[in-house]
Amino acid sequence: MTEFLQGLLSNINPYILQIIVNIGIGIVLALGLNVITGLTGQLSLGHAAFMSVGAFTSALLTIKLGMPITLNLLVTGAVTALVGALIGYPILRLTGDYLAICTLGFAEIVKVVFLNLDITNRALGLSVPPANSAIPMPFVVWGVAILAIILVSFVYNSRFGRALKAIRGDEIAAEAMGINVARYKVQSFALGTFLAGVGGGLYAHFISYINPSDFGFLKSIDILSMIVLGGLGSIPGAVIGAGVLSAAPEFLRFMANYRMLVYGALLVFMMLFRPNGLMGGVNFTDMVLRALGRKPHLKTVLQNREVGK
Amino acid sequence: MNAQGTHMFFQQLINGIALGSTYALIALGYTMVYGIITLINFAHGEIFMAGAFVGLLLVATFKMNIFAAMVVSMLVCMVLGVLIELIAYRRLRKSSRLSALISAIGVSIFLATLAQMIFGANARSFPDDAFPVRQIHIGDADISTLQLLIIGVSALLMVALEYIVQRTKLGKAMRATSEDYNTAALMGINVNMIISFTFAIGSALAAAGGVLVGVLFNAVSFNMGLMAGLKAFAAAVLGGIGSIPGAMLGGLLLGVTEVMGVAAGYSSYRDAIAFFILVLVLLIRPTGLLGRKIQKKV
Chain C
12 MTEFLQGLLS NINPYILQII VNIGIGIVLA LGLNVITGLT GQLSLGHAAF MSVGAFTSAL
72 LTIKLGMPIT LNLLVTGAVT ALVGALIGYP ILRLTGDYLA ICTLGFAEIV KVVFLNLDIT
132 NRALGLSVPP ANSAIPMPFV VWGVAILAII LVSFVYNSRF GRALKAIRGD EIAAEAMGIN
192 VARYKVQSFA LGTFLAGVGG GLYAHFISYI NPSDFGFLKS IDILSMIVLG GLGSIPGAVI
252 GAGVLSAAPE FLRFMANYRM LVYGALLVFM MLFRPNGLMG GVNFTDMVLR ALGRKPHLKT
312 VLQNREVGK
Chain H
29 MNAQGTHMFF QQLINGIALG STYALIALGY TMVYGIITLI NFAHGEIFMA GAFVGLLLVA
89 TFKMNIFAAM VVSMLVCMVL GVLIELIAYR RLRKSSRLSA LISAIGVSIF LATLAQMIFG
149 ANARSFPDDA FPVRQIHIGD ADISTLQLLI IGVSALLMVA LEYIVQRTKL GKAMRATSED
209 YNTAALMGIN VNMIISFTFA IGSALAAAGG VLVGVLFNAV SFNMGLMAGL KAFAAAVLGG
269 IGSIPGAMLG GLLLGVTEVM GVAAGYSSYR DAIAFFILVL VLLIRPTGLL GRKIQKKV
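Sequences listed follow chains C and H, in order. Numbering follows this note's numbering, with no gaps: position 23 of the first sequence is 34. Numbering follows this note's numbering, with no gaps: position 113 of the second sequence is 141.
In structure tokens form, the structure reads like this:
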């Protein structure tokens, strides 16, 4: 099994493989933030900090305990979710931009604390040994990414997800309908940070070197750009956004120095021409069903309506 | 506290006020823009960086006087700020606030990279004779002419801003627009012009801050905008975003605490101190020190 999978990987250009794995990690991270910002409407500018908590937890679990990767990722996710809930509990009382700046503040604090702790090896960062796993890392990453998509899809259509959407729509109205706003907010924060932690763990084992400075403000912004670019609150949007933005810097690499210049301009133009994101306002399920012919096209629906008149 | 202790305290207080005034100058731009169009203008830190570079260029290459260079740099950044608003934000005014935020981040990445390409990745410094630095003794503490310059220029600019906002017709229009955008438009105020004006003023203040910080730390680099911008934004929120005296108070408070924290031996935590204070204050006063209470309605 292991040999077979490894043989499969050896046929792929390692450069392309790296991009594909980066997209997988990006999807897990973007979905996590999508639960907090897209679904619940709480703007977080500190997602990378939770990724960093996850990355260091996961790396230490492998280094100190040699834990198998599946268990490792679960424990990592749980630890990060706990940290997320502890931080989220006091600050989720704040609204709008005050919350945003508070998450940003926490992210900076986490970064500086990690830069000063002995266990995270201070500013030198940690070298992460290969994951304790029979399955090669790229498959683990994509397995987790697919599981994350399924998990978040279930959440979207569950009672819990509907409560979160109600909070996004209007907090006071949601509270009047009997939704415990504070509790649901903390739970959504915990779920989002769980995915951030798992994403961080995957990142640590794939890149095999982590440094607190890698998880700064710009990383949080990267993840936020993914979900806004894809269309806030949309799962296919988050996946597409993660794909485009994880791959874009690589595809722009031929421009060498101009790369980040183009990236910045691209963000501005994308927003100017599609302010709601690539998938904003698109119902993906309907689109797929129409393409498969399981649901009539919009044009036919409209025509039938005309005829009915 | 013994004599040595008081001496240290006053010395650090002066250092803190000098640093804090520069934070306050940048924070004013954030708070004014936020007050009018509720946008966190992430490109503001890069305008500050651009101001520092323009000042450096004028002083080092064209041998200009530091004050003249500061004025020219403020004018250049005014144009830059207005252009950014025109290109990247105006069309997004009606769409979701997050789209405008991402657009602002795009502008910020663009400008920082552009500066890196033009001026290189290494920090540049002002020529030694840019400003004659001498130490002046006041009581126990020393104050350098540079710190006096920074505190003086910042105070002057803030008084000028307060005058414009409170006493002129344009300022009245600005306050009206920030109170209620639509009603202000109905009253015949040219809101587009007012928004451009706000960006111009905010950018000019940031440019002045850029030149001052460049001389103070004797280093100008393409990435100086990020941390300064974040801290200034924190200062604006600390004081209560949208409030002009709040931004001044927040900037000074952050500057003083940061310098005191470093003096107390927490220098490796330097960048976290500002945010620690911010989080603490927000937990106690959720809308900042001088922020207006937000009344929530359905």
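Cβ coordinates follow ideal geometry from the N, Cα and C atoms, glycine included.
* **Cα-Cα separation between N143 of chain C and E74 of chain H, rounded to whole angstroms** => Those two C-alpha atoms are separated by around 44 Å.
* Asked: Applying the criterion that 16 or more other CB atoms from any shown protein chain within 10 Å of the CB defines a buried residue, is Q198 of chain C buried or exposed?
  -> With a threshold of 16 other beta carbon atoms within 10 Å, Q198 of chain C meets it and is buried.
* Asked: By a C-beta neighbour count over all protein chains shown, 10 Å radius and 16 as the cutoff for buried, is A300 of chain H buried or exposed?
  -> Classification for A300 of chain H: buried.
* Anyone know if the C-beta pair for L206 of chain C and V163 of chain C falls short of 9 Å? -> For L206 of chain C and V163 of chain C, yes; Cβs fall inside 9 Å.
* To do: Measure from the C-beta of I133 of chain H to each C-beta in chain C and report whether the shortest distance is under 9 Å.
  => I133 of chain H has a beta carbon lying within less than 9 Å of a beta carbon in chain C.
* **Presumed contact (8 Å Cβ cut-off) between S124 of chain H and P286 of chain C, rounded CB distance** => Sure, about 7 Å apart at Cβ, within 8 Å.
* Find out if the Cβ-Cβ distance for the pair A41 of chain C, V250 of chain C is shorter than 9 Å. => Yes, Cβ-Cβ distance for A41 of chain C and V250 of chain C is below 9 Å.
* To do: Give me the Cα-Cα distance between I10 of chain C and Y167 of chain C, rounded to the nearest whole angstrom.
  => Past the boundaries of the shown model lies residue 10 of chain C; chain C is included only from 12 to 320, so the question cannot be answered.
* Asked: What is the DSSP secondary structure of S124 of chain H, counted as helix, strand or coil?
  -> Here S124 of chain H sits in coil by DSSP.
* To do: Report the partner residues of Q163 of chain H according to the DSSP bridge assignment.
  => Partner(s): H:S172.
* Asked: Nearest chain H C-beta to M78 of chain C closer than 9 Å, yes or no?
  -> Chain H, which has no Cβ nearer than 9 Å to the Cβ of M78 of chain C, makes this no.
* **Nearest-angstrom Cα separation, counted from V239 of chain H out to A292 of chain H** => So the two alpha carbons sit approximately 28 Å from each other.
* **Alpha-carbon spacing of L243 of chain C relative to T66 of chain H, whole angstroms** => Between L243 of chain C and T66 of chain H, the alpha-carbon positions lie close to 19 Å from each other.
* Tell me which same chain residues have a C-beta within less than 6 Å of the C-beta of V241 of chain H, skipping the five on either side of it? -> Sequence-distant Cβ neighbours of V241 of chain H in its own chain, meaning closer than 6 Å and more than five residues away, are T50.
* Return the Cβ separation of Y269 of chain C and P260 of chain C in integer angstroms, given the expectation that the two are a contact with Cβ distance under 8 Å. => Contact between Y269 of chain C and P260 of chain C fails: their C-beta atoms lie close to 12 Å from each other, not under 8 Å.
* **Residue span of the alpha helix (DSSP H) that contains V273 of chain C, given as start and end** => Here the alpha helix (DSSP H) through V273 of chain C covers 270 to 284.
* Listing by chain order, which chain H residues have their CB less than 7 Å from the CB of V123 of chain C? -> Ordered by position in chain H, the residues that pass the 7 Å Cβ test against V123 of chain C are Y297, D299, A300.
* To do: For E207 of chain H, count neighbouring Cβ atoms within 10 angstroms of its own Cβ and tell me buried if that reaches 16, exposed if not.
  => It is exposed - the Cβ of E207 of chain H has fewer than 16 other Cβ atoms within 10 Å.
* Applying a beta-carbon distance threshold of less than 9 Å, which residues of chain C neighbour A116 of chain H? -> Near A116 of chain H (Cβ distances below 9 Å), the residues of chain C are V279, M282, L283.
* To do: Pick out whichever of H:G237, H:L266, H:A263 has its Cα sitting closest to the Cα of M252 of chain H.
  => Closest option to M252 of chain H, Cα to Cα, is H:G237.
* Whole-number beta carbon distance between R179 of chain C and T51 of chain C, since they are thought to touch under 8 Å -> About 6 Å separates the beta carbons of T51 of chain C and R179 of chain C, which is inside the 8 Å limit, making them a contact pair.
* Asked: Taking Cβ-Cβ distances shorter than 9 Å, what residues in chain C pair up with T226 of chain H?
  -> Per Cβ cutoff of 9 Å: no residues; T226 of chain H is ~17 Å from chain C at best.
* What residues of chain C sit near F76 of chain H, judged by a beta carbon separation below 8 Å? -> Neighbours of F76 of chain H in chain C, taken as residues at a C-beta separation under 8 Å, are lacking, since the least C-beta distance is about 16 Å.
* **First and last residue of the uninterrupted alpha helix (DSSP H) at G237 of chain H** => That run of the alpha helix (DSSP H) goes 219 to 245.
* Hey, out of H:A213, H:D156, H:I112, whose CA is closest to I137 of chain H's CA? -> Looking at H:A213, H:D156, H:I112, the one whose alpha-carbon comes closest to that of I137 of chain H is H:I112.
* Determine the direct distance from the alpha carbon of T59 of chain H to that of G319 of chain H, and round the result to whole angstroms. => So the two alpha carbons sit approximately 11 Å from each other.
* To do: Give the DSSP-derived three-state secondary structure of S63 of chain C in the structure shown.
  => Here DSSP, grouped into helix, strand and coil, assigns S63 of chain C to helix.
* Can you check DSSP and say which residues form a bridge with P79 of chain C? => As DSSP reads the structure, P79 of chain C sits in a beta bridge with C:N143.
* To do: Whole angstroms is fine: what's the gap from T226 of chain H's alpha carbon to V61 of chain H's?
  => The alpha-carbon atoms of T226 of chain H and V61 of chain H are separated by roughly 7 Å.
* Counting contacts by CB-CB distance shorter than 9 Å, is A262 of chain H in contact with chain C? -> It does; some Cβ of chain C falls within 9 Å.
* CB contact below 9 Å: Y269 of chain C versus chain H -> Interface residue, yes.
* To do: Identify which residue in H:Q144, H:M102, H:F159 has its Cα closest to the Cα of V243 of chain H.
  => Residue H:F159 is the option with its Cα nearest to V243 of chain H.
* How would you list, in chain order, the residues of chain H whose beta-carbon sits under 7 Å from the beta-carbon of I232 of chain C? -> Ordered by position in chain H, the residues that pass the 7 Å Cβ test against I232 of chain C are I133.
* Cα separation between T48 of chain C and M221 of chain H? -> The alpha-carbon atoms of T48 of chain C and M221 of chain H are separated by roughly 33 Å.
* Under the three-state DSSP convention, the category S101 of chain H falls into -> If DSSP states are grouped into helix, strand and coil, S101 of chain H belongs with the helices.
* Going along chain C, which residues have a C-beta under 9 Å from F81 of chain H? -> Chain C residues near F81 of chain H: none, gap ~16 Å exceeds 9 Å.
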